Amino acid sequence: MAAMGEAARPRALFLAGLAAVYIAAFGSLYVQIPGLYGREGILPARRVLRLGGKGLWEQLRDSPTLLWLSPRLGLDTEQGMELLCLLGIVAALGALLCDALRDCLVFALLRVLYLSLYQVGQVFLYFQWDSLLLEAGFLAVLVAPLRLLRRGSPGWRPHDAVTFWAVRWLLFRLMFASGVVKLTSRCPTWWGLTALTYHYESQCIPTPGAWLAHQLPVWLHKLSVVATYVIEVAVPVLFFAPLRRLRLFAFYCQVLLQVLIILTGNYNFFNALTIVLAFSLLDQEHVGRWLGRPRRRHGPAWPPSLGSVLAWLLELSTYGLLLYGTARCFGLRLDWDRRLLDSRVAFTYHEFTTWLRTVTLPLVGVAFLSLSWEILVAMYRCACVRGCFWKLWATLQWAIMATATVSLFAVSLVPFTHIEHESHAKLWPGIQRMFGAVERYQVVNSYGLFRRMTGVGGRPEVILEGSYDGHRWTEIEFMYKPGNVSAAPAVVAPHQPRLDWQLWFAALGPHQGSPWFSALVLRLLQGQPDVIRLVQTDESRYPFHGRPPTFLRAQLYKYWFTAPNEAPSEGSPGPAPWWRRQHVQEFFPAVSLGDPRLETLLSQHGLKDPPAPRARPAAALPRLLSWLRRLCRPFPGPAVLWALYLGAATAALLPALARRARGAPAPGPGRHKAPRERGERNGTRGTEGTRGAEGTRGTEGTRGTDGARPEGRHANKRKK
Numbered sequence: 004m005a006a007m008g009e010a011a012r013p014r015a016l017f018l019a020g021l022a023a024v025y026i027a028a029f030g031s032l033y034v035q036i037p038g039l040y041g042r043e044g045i046l047p048a049r050r051v052l053r054l055g056g057k058g059l060w061e062q063l064r065d066s067p068t069l070l071w072l073s074p075r076l077g078l079d080t081e082q083g084m085e086l087l088c089l090l091g092i093v094a095a096l097g098a099l100l101c102d103a104l105r106d107c108l109v110f111a112l113l114r115v116l117y118l119s120l121y122q123v124g125q126v127f128l129y130f131q132w133d134s135l136l137l138e139a140g141f142l143a144v145l146v147a148p149l150r151l152l153r154r155g156s157p158g159w160r161p162h163d164a165v166t167f168w169a170v171r172w173l174l175f176r177l178m179f180a181s182g183v184v185k186l187t188s189r190c191p192t193w194w195g196l197t198a199l200t201y202h203y204e205s206q207c208i209p210t211p212g213a214w215l216a217h218q219l220p221v222w223l224h225k226l227s228v229v230a231t232y233v234i235e236v237a238v239p240v241l242f243f244a245p246l247r248r249l250r251l252f253a254f255y256c257q258v259l260l261q262v263l264i265i266l267t268g269n270y271n272f273f274n275a276l277t278i279v280l281a282f283s284l285l286d287q288e289h290v291g292r293w294l295g296r297p298r299r300r301h302g303p304a305w306p307p308s309l310g311s312v313l314a315w316l317l318e319l320s321t322y323g324l325l326l327y328g329t330a331r332c333f334g335l336r337l338d339w340d341r342r343l344l345d346s347r348v349a350f351t352y353h354e355f356t357t358w359l360r361t362v363t364l365p366l367v368g369v370a371f372l373s374l375s376w377e378i379l380v381a382m383y384r385c386a387c388v389r390g391c392f393w394k395l396w397a398t399l400q401w402a403i404m405a406t407a408t409v410s411l412f413a414v415s416l417v418p419f420t421h422i423e424h425e426s427h428a429k430l431w432p433g434i435q436r437m438f439g440a441v442e443r444y445q446v447v448n449s450y451g452l453f454r455r456m457t458g459v460g461g462r463p464e465v466i467l468e469g470s471y472d473g474h475r476w477t478e479i480e481f482m483y484k485p486g487n488v489s490a491a492p493a494v495v496a497p498h499q500p501r502l503d504w505q506l507w508f509a510a511l512g513p514h515q516g517s518p519w520f521s522a523l524v525l526r527l528l529q530g531q532p533d534v535i536r537l538v539q540t541d542e543s544r545y546p547f548h549g550r551p552p553t554f555l556r557a558q559l560y561k562y563w564f565t566a567p568n569e570a571p572s573e574g575s576p577g578p579a580p581w582w583r584r585q586h587v588q589e590f591f592p593a594v595s596l597g598d599p600r601l602e603t604l605l606s607q608h609g610l611k612d613p614p615a616p617r618a619r620p621a622a623a624l625p626r627l628l629s630w631l632r633r634l635c636r637p638f639p640g641p642a643v644l645w646a647l648y649l650g651a652a653t654a655a656l657l658p659a660l661a662r663r664a665r666g667a668p669a670p671g672p673g674r675h676k677a678p679r680e681r682g683e684r685n686g687t688r689g690t691e692g693t694r695g696a697e698g699t700r701g702t703e704g705t706r707g708t709d710g711a712r713p714e715g716r717h718a719n720k721r722k723k
């Protein structure tokens, strides 16, 4: 089994990508805080943080969030959340633009900030991608080097491959569990391979690409479901393959799936975060090819070595097994008469659960063997460090990081084995207790996306209506979720309009299952401007911008995508509609302010607390936060996020343009000799392929752990 290889470039990609994801997470939440969590918002955050006479440490123990410090800064809870978001945006921008700020302390700060927001986020922040970001953020603290406190700290450490392996394990748990739960849920659409015939129109916020994908033939939708099973269940096993080409194959399969999801659905930063996690499957040489700096390698030797032949045979056997298993399990058959590739599930639920029970613990064993190999290779690299002091220092770091990674791996088995109950019951009770101790900190989580397909009989959608007299009703159209049948689906990623998302969940059941909906009705009847901005940033598009409606109600509709040749209905000139809809029933009765039904619902769910009076922002910090809020208020979430990314891209390009204007050559390989870092000065062997790593042959018969030739000053001497 070959080691993971040098991880400096993939690690840099992972950290930079995670910083970009943090920008989307903090920026998207920032623009929605007043409407969601403000004093007159839907679910005021101050309800969660009640002082109760406890000390600071007791408060942090009960709810680990920095928002307990807001009163000490002269801020209320809402402004404290805004401050945390702004700090997160600034820190993430710094980590994205400056390599020196991709430091474990910076990523620790980012995770603490997001965890603090998560603790008071309530239902609007309880999505799987929020938990995934918190877990990936914790891993980034282990993966990122410590540069801020150690000047000249090396960009490579012997234990890098160990901590970076934990990112691979997180990606495996995410993908494998997401594939398995589709079958364990017994959803007839997933078992009938017809899930994608409903998915594109029934997902939360589809894109225009979803309408196009919905028009594809049914046999292609079924084949796409088969491909989803293969990519999510079978391919993740290759994450731990000993051959780098198999890991690269798995990487591009995951990227392909995520890109297709991005094109057909608005899933905020989730798909980008999954791609960032997939960078853990890359190695130094492959990323170098992306950057235009490939390492020179010897041509293929002839006759090939035994290791090379075995590697090719293993790779071809793996591809053949994937094809054979796919054809066998899903009954793939070419129908020449109808010119299509037919598919069906060729196994039963009992056979699948038996297989899952058989492979769950062996998969854990394979992952443990892969981790053990990385730990042993890292220990060998520590032994190759020159100098007794530096050898001991590297060994100490290796021991700490290896222990942390093994502990994290053990704790993660608790949520991972939830997919199979018998395997879960076999876990050591001590691991269960360890998981219980860290559960509140969101260090590890369970995953399982798209467990059941909704909208089989039509996409349910809640439509709010307002009226001044109780007889003539006007629909309230949202910016992002479907409403007007002639409006094209929106493209909002990486922004997540969290109210629109929760309205999608609310439509799947009665309004009593979504207590926050009564608070939304109350705020719209009151005409609260911060809540109205969640509906429409442009006040002119909100039908009751002059004065709030007297009555408000909600109707439940079923929506379907239109066909390509479907014309507008009679009497409604204009372009062909994107949707057609049908009224189902009343979702929420017509109420007004003071209505006993509304008051009863608010009292039942504890949403009737009167807002505390807002103190005048006399201090400088509250005034600054209020000024920034007024500055961003007219702009929708996607515009704010893309402005941040555009500013980051401009800041990254300006130095290159300045160098080009001065006529200075851009830094690159062969232009100059890079200074040796502290690890090289003290004889560290490994990062760029020194003699210690060069002497070992990998499984694929190439030099070094990743088949790369050494670079740097020693390589220049050998070239001469």
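Quick note on my numbering: the sequence shown kicks off at 4 and runs consecutively.
Glycine included, C-beta positions come from ideal geometry on N, C-alpha and C.
Quick caveat: nothing in here was measured; it's all calculated off a predicted structure.
Residues near residue 333 in its chain [Cβ-Cβ closer than 8 Å; skip 5 each side]: Within the same chain, residue 333 has close Cβ partners 196, 229, 232, 346, 347, 348 and 349.
Jot down the residue ranges of each uninterrupted alpha helix (DSSP H) in the stretch 155-226, minimum 4 residues, whole runs only, in chain order. Assignment of alpha helix (DSSP H) within the stretch 155-226, counting only whole runs of 4 or more residues, yields 163-187, 191-194, 199-205 and 211-217 in chain order.
Mind checking who residue 562 pairs with in its DSSP beta bridge? Beta-bridge analysis with DSSP links residue 562 to 462 and 584.
At 3 residues or longer, what runs of the beta strand (DSSP E) sit wholly inside the stretch 463-520? Counting only runs of 3 or more, we get 477-479.
If you draw a straight line from the alpha carbon of residue 624 to that of residue 81, how long is it in whole angstroms? Going from the Cα of residue 624 to the Cα of residue 81 covers about 13 Å.
Measure how close the beta-carbons of residue 213 and residue 268 come, nearest whole angstrom, since I'm counting them as under 8 Å. About 6 Å separates the CB atoms of residue 213 and residue 268; that is less than 8 Å, so the two are in contact.
Could you tell me which of 559, 609 and 566 sits nearest to residue 587, measuring between CA atoms? Residue nearest to residue 587 within the set 559, 609 and 566 is 559 (criterion: CA-CA distance).
Is residue 499 buried or exposed, if buried means 16 or more other CB atoms sit within 10 Å of its CB? With 16 or more Cβ atoms within 10 Å of its Cβ, residue 499 is classed as buried.
Considering just the uninterrupted stretch of the alpha helix (DSSP H) at residue 533, what are its terminal residues? Unbroken alpha helix (DSSP H) run through residue 533: 532-538.
Under the assumption that residue 545 contacts residue 485 (Cβ atoms under 8 Å), give the Cβ distance between them as a whole number of angstroms. In fact, because the Cβ distance is near 17 Å, the residues do not count as touching under 8 Å.
Could you check the C-alpha separation between residue 479 and residue 541 for me, to the nearest Å? Approximately 13 Å between the Cα atoms of the pair.
Tell whether a beta-carbon distance below 8 Å holds between residue 377 and residue 216. Cβ distance not < 8 Å, so residue 377 and residue 216 don't count as in contact.
Do residue 3 and residue 655 have their C-beta atoms within less than 8 Å of each other? For the chain, the structure presents residues 4 to 723; residue 3 sits outside this window and is missing.
Helix, strand or coil, according to DSSP, for residue 569 in the structure here? Three-state DSSP puts residue 569 in coil, outside helix and strand.
Give the secondary structure of residue 609 by DSSP, where H, G and I count as helix, E and B as strand, and everything else as coil. Of the three classes helix, strand and coil, the one that applies to residue 609 here is coil, per DSSP.
Should the stretch 161-175 be called in touch with the stretch 195-209, which here means at least 3 C-beta pairs below 8 Å? Taking 8 Å as the limit for Cβ pairs, the verdict is that the stretch 195-209 does not touch the stretch 161-175.
Nearest candidate by alpha-carbon position, reference residue 496, set 84, 91 and 643: Of the candidates 84, 91 and 643, the one whose C-alpha sits nearest the C-alpha of residue 496 is 643.
Name the residue from 68, 78 and 335 whose alpha carbon lies nearest to the alpha carbon of residue 731. Since the first residue shown for the chain is 4 and the last is 723, residue 731 is missing from the structure and cannot be characterised.
Any idea what DSSP makes of residue 310, helix, strand or coil? Helix, per DSSP.
Is the shortest distance between the beta-carbon of residue 248 and the beta-carbons of chain D less than 8 Å? Absent from the structure is chain D; it holds one protein chain and no more.
Using C-beta distances below 8 Å, list every residue in its chain close to residue 675, excluding the 5 sequence neighbours before and after it, in chain order. Because the pLDDT at residue 675 is just 42, under 50, the model does not fix this residue reliably, and the point stays unresolved.
Thinking residue 534 and residue 45 are a contact (beta carbons under 8 Å), I'd like their distance in whole angstroms, please. About 6 Å separates the two Cβ atoms, so the contact holds.
Residue from 454, 329 and 60 with nearest C-alpha to residue 184: Of all alpha-carbon atoms in 454, 329 and 60, the one lying nearest the alpha-carbon of residue 184 is that of 454.
Going by DSSP, name the residue or residues bridged to residue 244. Residue 244 is not bridged to any residue.
Between which residues of its own chain and residue 600 is the CB-CB distance below 7 Å, once the five residues before and five after are set aside? So the qualifying residues of the chain are 592 and 594.
Which residue wins for smallest C-alpha separation from residue 487, given the options 569, 580, 503 and 521? Answer by Cα proximity: 580.
Using DSSP with H/G/I as helix, E/B as strand and the rest coil, what is residue 20? Reduced to three states, the DSSP call for residue 20 is helix.
Inter-residue Cα distance where the pair is residue 123 and residue 476: Between residue 123 and residue 476, the C-alpha separation is close to 36 Å.
Taking DSSP as the reference, what is the three-state secondary structure of residue 48? Note: residue 48 maps to helix in three-state DSSP.
Which same chain residues end up closer than 7 Å to residue 635 when comparing Cβ atoms and leaving out the 5 residues on each side of it in sequence? Excluding positions up to five away in sequence, the list reads 34 and 643.
Quick one: residues in its chain with C-beta nearer than 8 Å to the C-beta of residue 646, no 5 flanking neighbours on either side, listed in chain order? Taken in chain order, the residues that qualify are 638.
Does residue 403 pass the burial test, meaning 16 or more other C-beta atoms within 10 Å, or should it be called exposed? The residue is exposed, with fewer than 16 neighbouring Cβ atoms inside 10 Å.
For the beta strand (DSSP E) holding residue 343, just list the boundary residues, first then last. Membership of residue 343 in the beta strand (DSSP E) is indicated by the continuous run 343-345.
Is DSSP giving residue 338 helix, strand or coil here? Looking at residue 338 - three-state DSSP - the assignment turns out to be strand.
If we require 4 or more residues per run, which alpha helix (DSSP H) segments fall completely within the stretch 256-293? You should have 273-281 and 287-293.
Residue 434 to residue 241, Cα distance in whole Å? It is roughly 26 Å from the alpha-carbon of residue 434 to the alpha-carbon of residue 241.
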